[in-house]
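Input: a single structure, listed below in structure tokens.
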Amino acid sequence: MTDANTLSFYQRNVQDVFARYESVQSPLMPYFPMAFLPGSRVLDVGCGSGRDVKALLKQGYDAHGVEPVAAMREMAITHSPELYKRIQPGHLPDIPTHERFDGVICSAVLMHIPAGQQLEAFVNLRNLLKAGGRLLMSVPAARDDLDADFRDAQGRLFLPMEADRVRLLSEQLGLVLISQFTTQDSLGRGGVSWNILLFEKSAEHNRPLDRIESVLKHDKKVATYKLALLRAFCDMADRDAGAVSWLGNGYVGMPVQALAECWLHYYWPLMAAPLHIPQSNIDAPGSSKPPAFRQALEQLIRLAQAEYGTDPVVTYSLCMLGWKKNNLPSLLATQLHTTLSVLSRTLIVGPVQHAAQGEMFCYDKASKLVLLEVDLWREFCLSGYWIRDSLLLRWAELCERFSQRINPAIHRGVVLPYLIQPEDPEREQGLARRLYAEASPLTCVWSDRSINMATMDIDHVLPFSLWHNNDLWNLLPAASAVNRAKSDKVPTPEFLRRRQDAIVSNWRFAQQIETTVFQHELQRTLGRFRPENWELDLFQHLSERAAQAIYQRGEEPWEWTV
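Residue numbers for the sequence shown follow UniProt numbering, so the first one is 1 and each next one is one higher.
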């Protein structure tokens, strides 16, 4: 719901706020005809004085509103009796959705919603719309009177609402951007401007991927690096989108270290294979010009095998777990650092500089970020989960082509298992199981049932079959029967919010017991670790991923009911 301090301000200042809003024309009114068909049933969320509801009624729309402040509702109806029975109590993200509307207005509301509830607010807005319905919203474009916590002098919350990020979040929920405008503040406040965005709810979620497809089909490929970079973007969009920096200039930035870690995961099985699988057209045994990172990575693998054994899956998992726990043997830790540095340099001087003749990506040395356009990032977020399948097949085909000269027996069927080599979830689940063995009392995160080690399963909140995510924050204790019922289904954002206290309680326990591992994984996922607010950041990330899976990818939603 609306931030408590903000809501308190409006409750204390009803008369002043009412008079101020009624003194000017609705800034959204000029957009009503282009947004909604004549006679449409339209809901104004956070309708305040009822100004927009009245404007809609005058234009022939069947207009209604919801408003959380009781005194504001009463004043609106007193001054405009035609609003009687048209304005109801309600607030995001808990507006009942049994009625669907042709259109929804949300003017200057979303920036007052705390970060941890914004995803649910968008879901609520989406669910208020009929298929084909339209959402007209305004969010701040600029404001120069806020403190470090994004509050104005009256204590009201005005969270940043970058138009590009609002668009991405909306499109992940199946809301397609129709139009976008920037306007000055209708109340004449200097330093304040607004973005107005119009979305349409659609069942069609595919987006053009021409530029990505062009790299896949037409770019010259003398190595597998471009495919590895695109795969890393897909995986980052799917699992670690919170680590991306929104730069406000039409670009997003991705930490080169995070991309290098993805490459380490991809190339480790290929380099650890018992046969030489070439990764460039000159990568042959004994070649004077092997891939720049082959020597460093093969040395890392040898050291890891000496420490953990020769099973490549187990060796990789234990090496990464040791890194997270910061207890790798010094020689192994040094070699891992060297390998990641070489991988970073390779992806910068290779695919970042040369994909699409150098026009697709760039690298900012000062921030150590790989930059790509927001529209391109949006495509990875919306469609990366199936782009990845095409990438893997093309990667296997490329290795087959490189092998024809040195070993024709290496064909795509040989290569593909190394590209999709399964991770070792039992290793990370074992850590989580040992961790929660220390919890007292031990209860199911979904049902509050009391459980013990015999009746506990370690549940992947976001199913492993979809995300392959073994981070501790995604591994929570559940009753075996409840976990079986959940299976590979995805918890709904609404259910996650109802279970937020239990989820966060388990996170805090895991962070307390395995501090180094938990914070390492959180830093990679979110791009930061804010000691004062990490729970809210992480819960927002979890909710967004769940919503994306359900509303964009069509995964089966799940809630536990007794």
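Glycine included, C-beta positions come from ideal geometry on N, C-alpha and C.
Where the alpha helix (DSSP H) containing residue i begins and where it ends
i      : result
VAL123 : 115-127
SER341 : 330-347
SER390 : 374-403
HIS460 : Counting along the chain, HIS460 falls outside any alpha helix (DSSP H), though it belongs to the beta strand (DSSP E) covering 456-460.
CYS234 : 225-239
VAL17  : 14-22
GLN295 : 294-308
PHE529 : First-last for PHE529: undefined, no H or E at that position.
Among the options, nearest to residue i - alpha-carbon criterion
i      : options                           : result
ASP459 : ALA478, LEU198 and SER447         : ALA478
ILE105 : GLY46, LEU169 and LEU247          : GLY46
PRO312 : ALA153, GLY253, PRO417 and ASN249 : PRO417
MET236 : ALA432, ASN469, ALA304 and GLY50  : ASN469
ARG98  : SER186, ALA108 and ARG126         : It is His, not Arg, that sits at residue 98 in the sequence shown. The option with the nearest alpha carbon to HIS98 is ARG126.
SER390 : ALA409, GLU261, VAL370 and ILE420 : ILE420
ARG134 : ALA366, ASP44 and ARG165          : ASP44
ASP3   : GLY132, ASN483, ALA547 and HIS112 : HIS112
GLN154 : GLU556, GLN353, LYS368 and ARG12  : ARG12
ASP501 : LEU230, ASP448 and GLN523         : ASP448
TRP263 : SER287, GLY248, CYS234 and GLY286 : CYS234
SER543 : ARG498, PRO274 and ALA510         : ARG498
VAL349 : HIS64, VAL123, TYR225 and THR515  : TYR225
ALA108 : LEU157, ILE387, GLU261 and VAL256 : LEU157
LYS325 : GLY554, THR516, PRO291 and MET161 : THR516
VAL24  : PRO290, PHE122, GLN519 and GLN184 : GLN184
PHE122 : PRO557, GLY554, GLN548 and VAL415 : GLN548
Buried versus exposed, by CB contacts within 10 Å (16 or more), residue i
i      : result
TYR10  : buried
GLU67  : buried
MET453 : exposed
ALA521 : Reading off the sequence shown, one finds Glu at residue 521, where the question assumed Ala. GLU521 should be labelled buried.
PRO89  : exposed
MET34  : exposed
ALA396 : buried
TYR84  : exposed
GLU532 : exposed
THR6   : buried
PRO38  : exposed
ILE550 : buried
THR346 : buried
GLU19  : First, the amino acid is wrong: residue 19 is Ala here, not Glu. It is exposed - the Cβ of ALA19 has fewer than 16 other Cβ atoms within 10 Å.
PRO408 : exposed
LEU340 : buried
ARG434 : exposed
Contact set for residue i: own chain, Cβ-Cβ below 7 angstroms, skip 5 residues either direction
i      : result
ASP149 : none
LEU526 : GLY242, ALA243, ASP537, LEU538 and HIS541
HIS205 : Since pLDDT at HIS205 reaches only 43, below the 50 mark, its modelled position is unreliable, and the value read off the structure follows with that caveat. So the list reads GLY174, LEU382 and GLN552, once near-sequence residues are dropped.
GLN15  : none
ALA432 : ILE458, LEU472 and LEU475
Neighbourhood of residue i by C-beta distance below 6 angstroms, restricted to the same chain and skipping five residues each side
i      : result
ILE451 : LEU442, CYS444 and ALA479
TYR436 : PRO477
SER465 : ASP488
ALA55  : SER26 and MET29
TRP446 : ALA478, VAL482 and TRP560
GLY116 : LEU536, PHE539 and GLN540
GLU556 : LYS489
Residue i: first and last residue of the uninterrupted beta strand (DSSP E) it sits in
i      : result
MET254 : 251-255
PHE181 : 175-184
PHE101 : 101-107
GLY65  : 62-67
ILE503 : No beta strand (DSSP E) contains ILE503, which is instead part of the alpha helix (DSSP H) from 500-513.
Check whether residue i and residue j have beta carbons under 8 angstroms apart
i      : j      : result
VAL562 : PHE539 : no
ARG545 : LEU462 : yes
LEU198 : LEU136 : yes
TYR251 : VAL374 : yes
LEU229 : PRO96  : no
TRP246 : ARG143 : no
ASP300 : LEU343 : A small fix is needed here, since residue 300 is Leu in this sequence, not Asp. Not in contact: LEU300 and LEU343 (Cβ atoms no closer than 8 angstroms).
ARG51  : GLU22  : yes
LEU369 : VAL256 : yes
ASN87  : GLY65  : A quick correction: the sequence has Ile, not Asn, at residue 87. Cβ distance < 8 angstroms, so ILE87 and GLY65 count as in contact.
Contacting residues, own chain, Cβ-Cβ under 8 angstroms from residue i (five flanking each side not counted)
i      : result
ARG405 : ALA284
LYS130 : ARG100, PHE101, ASP102 and LYS201
GLU559 : PRO491, THR492, GLU494 and PHE495
LEU177 : ARG167, SER170, GLU171, LEU197, LEU198 and PHE199
ALA163 : VAL139, ALA141, GLN180, ASN195 and LEU197
MET75  : VAL14, GLN15, PHE18 and SER49
ARG412 : LEU393, ALA396, GLU397, CYS399 and GLU400
GLU535 : VAL504, TRP507 and ARG508
THR182 : ALA141, SER193, TRP194, ASN195 and ILE196
Proximity test, residue i beta-carbon vs the ligand SAM heavy atom, cut-off 7 angstroms
i     : result
GLU22 : With respect to the ligand SAM, the structure shown offers nothing to examine, as it has no ligands at all.
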